[in-house]
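J.: Next up is a structure, given as structure tokens.
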Amino acid sequence: MALKATIFKADLQIADMDRNYYQPHILTMARHPSETDERMMVRLLAFALHADEALSFTKGLSSDDEPDLWLKNLSDEIDLWIDIGQPDEKRIRKACGRAKQVAVYCYSSRSAAIWWEQNSSKLQRFDNLRVVNIQNDTSKLLANLAQRNMQLQCTIQDGQVWLADDAESVEVSLATWKP
């Protein structure tokens, strides 16, 4: 018998002073059986960083043809493709061909650094690609915020990001590897 996805709900209040975006989002996320809390919370963080009414979670790990999140316009074109982790160069090339903008959020510092070292020269040619690394300690702290029903606040100001619930606040350390 196959394992089913676990459903998580998040009431996410976003105050993004850098983009002048202040909105609440009620999100339902399906965590694939092979996905960790850490990866799921990085997906949630990526949503907060690019929040928009049209931004949505996709099948993610369950599909090779879809990113973890995407933003489609009214013509069904992909304006933004967001992948989490360390996708292979072929997948990124395909994404850069299909979407106007592509963002990759890496985590797990050691393996992410090795991935970037192996792929950075091949990825430099993509003008519509942005690669951001989330520090290992940060992603582990984000995992501590994971609950089946979450009440979260995300504050973004001057490039600094905080994600908090009622008990804990995490300052998110981001390093842009490819702007």
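Be aware that the sequence shown starts at 1035, since it is given in the working numbering, and climbs by one per residue.
Cβ atoms here follow ideal geometry from the backbone N, Cα and C, with glycine treated the same way.
L1078: which of E1202, A1201, Q1187 sits nearest, CA to CA?
T.: Comparing Cα positions, the closest option is Q1187.
J.: For T1210, count the other beta carbons within 10 Å of its own beta carbon; 16 or more makes it buried, fewer makes it exposed. Which is it?
T.: Classification for T1210: exposed.
J.: Where are the beta strand (DSSP E) runs, 3 residues long or more, that stay fully inside the segment 1066-1149, in chain order?
T.: Runs of the beta strand (DSSP E) inside the segment 1066-1149: 1089-1091, 1103-1106, 1112-1118, 1133-1140.
J.: Report all residues from its chain with a CB closer than 6 Å to the CB of N1183; omit the five preceding and five following residues, and keep chain order.
T.: These residues qualify, in order along the chain: K1043.
J.: By DSSP, does K1038 sit in helix, in strand, or in coil?
T.: Of the three classes helix, strand and coil, the one that applies to K1038 here is coil, per DSSP.
J.: M1051: buried (16+ other C-beta within 10 angstroms of its C-beta) or exposed?
T.: Exposed, since its Cβ has fewer than 16 Cβ neighbours within 10 Å.
J.: Taking just the CA atoms, how far does L1175 sit from S1203?
T.: Those two C-alpha atoms are separated by around 9 Å.
J.: Can you tell me the Cα-Cα spacing of A1146 and L1083, whole angstroms?
T.: Roughly 20 Å between the two C-alpha positions.
J.: Can we say the segment 1152-1163 touches the segment 1118-1128, given the rule of at least three CB pairs closer than 8 Å?
T.: Yes, since at least three Cβ pairs between the segment 1152-1163 and the segment 1118-1128 fall closer than 8 Å, the two stretches touch.
J.: How is the beta strand (DSSP E) around A1177 delimited, first residue to last?
T.: A1177 -> not in any beta strand (DSSP E); alpha helix (DSSP H) instead, spanning 1170-1178.
J.: So, using beta-carbon positions, are D1102 and I1116 closer together than 7 Å?
T.: Yes, these two residues count as a Cβ contact at 7 Å.
J.: Would you mind working out which of N1054, M1063, L1037 sits nearest D1045, comparing C-alpha positions?
T.: For D1045, the nearest C-alpha among the options comes from M1063.
J.: For the putative contact between V1166 and L1157, defined by C-beta atoms under 8 Å, what is the C-beta separation to the nearest angstrom?
T.: That belief does not hold up - the Cβ atoms of V1166 and L1157 are roughly 13 Å apart, past 8 Å.
J.: Quick one: grab the DSSP three-state call for N1153.
T.: Here N1153 sits in helix by DSSP.
J.: If I follow the unbroken beta strand (DSSP E) through E1205, where does it start and stop?
T.: Looking at the DSSP string, the run of the beta strand (DSSP E) that includes E1205 is 1203-1206.
J.: Classify P1213 as helix, strand or coil using the three-state DSSP reduction.
T.: In the structure shown, P1213 sits in coil (DSSP, three-state: anything other than H, G, I, E or B).
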